[in-house]
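Residue 105, in UniProt numbering, is where the sequence shown stops; the numbers in between run on with no holes.
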Amino acid sequence: MTNTRIQTIILPKDGSVVHIRPVKRTQIANVGDSVRLEMQHVNAPNKNYRWRHNGRDILTSWNDQLSVSIDDVAVSDGGVYSCFASDQENRQLHGIMRLIVRGKT
Numbered sequence: 001m002t003n004t005r006i007q008t009i010i011l012p013k014d015g016s017v018v019h020i021r022p023v024k025r026t027q028i029a030n031v032g033d034s035v036r037l038e039m040q041h042v043n044a045p046n047k048n049y050r051w052r053h054n055g056r057d058i059l060t061s062w063n064d065q066l067s068v069s070i071d072d073v074a075v076s077d078g079g080v081y082s083c084f085a086s087d088q089e090n091r092q093l094h095g096i097m098r099l100i101v102r103g104k105t
């Protein structure tokens, strides 16, 4: 039996009210590639940026950065990344993007 995890993402109706936006909503990489995840500051109240991966892991090594790199991408790096101003996470004003990782054939 496999475990299935369903994540619900709620976005504001008016995209102009977000504080942080992804440069690309979806990126595709192959296992072993390097990839750069980039967000744009729109009108965040502070520059204390935080990241999450698949809604749970706070990636502290990426704190305060809008552009981050993953070298030697693994399948486990795939998923949904969100970047938010540290005190604004629950307001749905953050940038959300998806990284799809393809295995080598």
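C-beta: ideal position from N, C-alpha, C; glycine also.
Just so it is clear, the structure is predicted and the values come from calculations on it, not from any experiment.
Within the DSSP secondary-structure output, G79 pairs in a beta bridge with L99. When the alpha-carbon of A74 is set against those of R21, N43, V101, the nearest one is in V101. Under the DSSP assignment, S69 falls in the beta strand (DSSP E) whose first and last residues are 67–70.
Note on geometry: alpha-carbon atoms of S76 and V42 lie some 29 Å from one another.
Taking a 10 Å sphere around the C-beta of S82, we find 16 or more other C-beta atoms and assign the residue as buried.
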